[in-house]
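Since the structure comes first, as structure tokens, the remarks are kept for the end.
Residue numbers (mature numbering (1 follows the signal peptide of the UniProt record, and there is no 0)): -16 to -1, 1 to 242.
Take a look at the structure:
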């Protein structure tokens, strides 16, 4: 449900933003980006209805500032390595691992490095995928679901990072205009103490199924008995057409864009 709600928020934005990653970071408008057509494979919306979310992370020893794009449809931490110790402008942005004493390449696809997420915690021995080809950012921060990992190693950065905090949870909040917001990593009580915790049964690593009695979406409130299914290996969560039309009307979006 968190993934679904967060995707809904991101789809409402119209410009790129930069997230300062830490125990709590501020968001600010960053820059307009060219939206690749591959994004349309994830979201059947007008390409102007979503934004690219990026965050800064310190990497290596001594640390280098890396710019990472947050992807809610992936579960891996990925990073592009520089081809040599003196990369040309065409090879950048990339991570210059030749300058780091903590870098370890474990295979042709993976490596290990130290990550400092601009907070009080340095996370050593983090496994990541070697990203190719070079893109407009240093790497990709997969925050979808751990079950979306491409390899058995734990390349899901939130899981590794949250081990150092009291609460195993994180949340990203964005303003609708994309100019401000915050990110919390396990150090804040994200739900009010009076709120009830709902545990969802996991049918498998990527498949949840549970019963519902209805839903509330803004001022729209529907009561009915049904089973809800979330497949974390896919980017789409089906909604009965009857309720989808009502939700889109409430949101002010035409259903023809879905």
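Even glycine gets a Cβ: it sits at the ideal position worked out from N, Cα and C.
{"Query": "If you follow the beta strand (DSSP E) that residue 38 is in, where does it begin and where does it stop?", "Result": "37 to 43"}
{"Query": "Buried or exposed: where does residue 38 fall if 16 or more other Cβ atoms within 10 Å of its Cβ makes it buried?", "Result": "buried"}
{"Query": "Given this structure, state the Cα-to-Cα distance separating residue 139 from residue 44, to the nearest angstrom.", "Result": "16 Å"}
{"Query": "Kindly give me the distance between the Cβ atoms of residue 123 and residue 57, rounded to whole angstroms, as I take these residues to be in contact under 8 Å.", "Result": "Going by Cβ atoms, the distance from residue 123 to residue 57 rounds to 16 Å, so no, they are not a contact pair."}
{"Query": "Along the chain, where does the alpha helix (DSSP H) containing residue 70 start, and where does it finish?", "Result": "No alpha helix (DSSP H) contains residue 70, which DSSP labels as neither H nor E."}
{"Query": "Within 8 Å, do at least three Cβ pairs link the segment 127 to 134 to the segment 65 to 74?", "Result": "no"}
{"Query": "DSSP three-state label for residue 201, please.", "Result": "strand"}
{"Query": "Quick one: using the 10 Å Cβ neighbour count with 16 as the cut-off for buried, is residue 225 buried or exposed?", "Result": "exposed"}
{"Query": "Taking its Cβ as the centre, do 16 or more other Cβ atoms sit within 10 Å of residue 115, making it buried, or is it exposed?", "Result": "buried"}
{"Query": "Anyone know if the C-beta pair for residue 84 and residue 97 falls short of 8 Å?", "Result": "yes"}
{"Query": "Going by alpha carbons, who is nearest to residue 249 out of 100, 75 and 90?", "Result": "No statement about residue 249 is possible, as the shown extent of the chain runs from -16 to 242 and does not include it."}
{"Query": "Would residue 40 pass as a contact of residue 49 if the rule is Cβ separation under 8 Å?", "Result": "yes"}
{"Query": "Buried or exposed for residue 95, please, with buried defined as at least 16 other CB atoms from any protein chain shown within 10 angstroms of its CB.", "Result": "buried"}
{"Query": "For residue 89, which residues from the same chain have a beta carbon less than 7 Å from its beta carbon, with the 5 sequence-adjacent residues on both sides left out?", "Result": "95"}
{"Query": "Between residue 42 and residue 52, what straight-line distance do the alpha-carbon atoms span, to the nearest angstrom?", "Result": "10 Å"}
{"Query": "Cβ atoms of residue 118 and residue 55: under 8 Å apart, would you say?", "Result": "no"}
{"Query": "Three-state secondary structure (DSSP) at residue 63?", "Result": "strand"}
{"Query": "Looking at the secondary structure, which residues open and close the beta strand (DSSP E) in which residue 112 lies?", "Result": "106 to 114"}
{"Query": "Per DSSP, what kind of secondary structure is residue 211 in: helix, strand or coil?", "Result": "strand"}
{"Query": "Go ahead and pull the three-state DSSP assignment for residue 86.", "Result": "coil"}
{"Query": "With a CB to CB cut of under 7 Å and the five nearest residues on each side skipped, what residues in its chain are close to residue 233?", "Result": "none"}
{"Query": "Tell me the DSSP bridge mates of residue 196?", "Result": "210"}
{"Query": "How many Å lie between residue 210 and residue 59 at the Cα?", "Result": "29 Å"}
{"Query": "Under 6 Å Cβ to Cβ from residue 205, same chain only, skipping five residues before and after it: list those, please.", "Result": "none"}
{"Query": "Quick one: what does DSSP say residue 49 is sitting in, helix, strand or coil?", "Result": "strand"}
{"Query": "Quick check on residue 208: buried or exposed, where buried means 16 or more other Cβ atoms within 10 Å of its Cβ?", "Result": "exposed"}
{"Query": "Does DSSP put residue 17 in a helix, a strand or coil?", "Result": "Below a pLDDT of 50, predicted positions are generally treated as unreliable, and residue 17, at 41, falls in that range; the measurement from the model is reported next regardless. Residue 17 falls in the coil class under three-state DSSP."}
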